[in-house]
Amino acid sequence: MVTDNALGEFLKARRGRVPASRADLPAPGRRRVPGLRREELARLAGISEPYLTRLEQGVDRHPSAQVLTALARALELDADASAHLFALAAPDPAGPSRTEVTADVHQLLDAWVGTPAYVRDRRFDVLAANKWARALAPMYEAGRNLAREMFLGSEARRLFPDWPEIATQTAAALRAEADPRDPATARLVAELGSDDDFRALWARHEVRPSRDELKRFVHPVVGELALRRQALTVGGAEQQVIIAYQAVPGSPSAAALDRLL
């Protein structure tokens, strides 16, 4: 699961997800591989098959923007997956994540009365959390890793009634936001690989950053909550994200939040 050829692995995985019929290519006889053959993708992208082979094998790791755009179009990548493709082809991996949370951000978290909120980095390490977030779930305590808690811990599968969907989103967001060339990320992915669910999801190479959406919880004390998640970057820094949960005013979920503390 851990590889130093992230670009090549991504290209091969996504090539296998494009049916030949979708690309207006004939599919005579029995195909040995799912999705597009290498020569088919090369033809659709307007590049040579030997060059695509070098990309998939990691011999050439930094194709031009023109080639990347052509590959993204041929692979039918959406905006998130295309951005991920370009990031994998960048000459240098992103620098280490910021681990310091400023005093202003700590003050902001604490000022959100009744709103569980925490700060995480791009590897999903929790860097800071207010008391409402910690009361909502211990996995939101500073020092925890949300991906590790989601797949290797027992709490998350009880906390989220929609765990399969949340787990899928977590794997896709981790791939979108963390740089697989970062050694710490590689170690995390290797550790998560001991879980069958994570291995299957990671192999799909889905890319989807965290977004604002509704998430359901089953808290052991206050019961069910339906909370709207908001994801905000800290001062425009991609390395840190604030996640805040809000309930509809006057709703049962809002009353449950009031009983958390």
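Residues in the sequence shown are numbered from 174 upward in steps of one, following my numbering.
Glycine included, every Cβ here is placed at the ideal spot set by N, Cα and C.
| query | result |
| --- | --- |
| For Asp370 and Leu258, I'd like the C-alpha separation in whole angstroms. | 24 Å |
| Is DSSP giving Val394 helix, strand or coil here? | coil |
| What are the start and end residues of the alpha helix (DSSP H) that includes Val380? | No alpha helix (DSSP H) contains Val380, which DSSP labels as neither H nor E. |
| Would you kindly check if the distance between the Cβ of Phe297 and the Cβ of Leu319 is under 8 Å? | yes |
| Would you kindly report the start and end of the unbroken alpha helix (DSSP H) that includes Asp253? | 252-261 |
| Can you list, in chain order, the residues of its chain with a C-beta nearer than 6 Å to that of Gly189? Leave out the 5 residues immediately preceding and following it. | Pro207, Gly208 |
| What are the uninterrupted segments assigned as alpha helix (DSSP H) that are 4 or more residues long and contained completely in the segment 291-358, given in chain order? | 304-309, 319-325, 328-332, 336-350 |
| Apart from the five residues just before and just after Ala245, which ones in its own chain have a Cβ nearer than 7 Å to its Cβ? | Ser255, Leu258 |
| By alpha-carbon positions, which one of Glu379, Pro422, Leu398, Leu430 ends up nearest to Ala252? | Glu379 |
| How would you call Arg384, buried or exposed, if buried means at least 16 neighbouring beta carbons within 10 angstroms? | exposed |
| Among Asn178, Arg187, Val391, whose alpha-carbon lies nearest the alpha-carbon of Arg377? | Arg187 |
| Here's the rule I'm using: 16 or more other beta-carbon atoms within 10 Å means buried, otherwise exposed. How should Gly181 be labelled? | buried |
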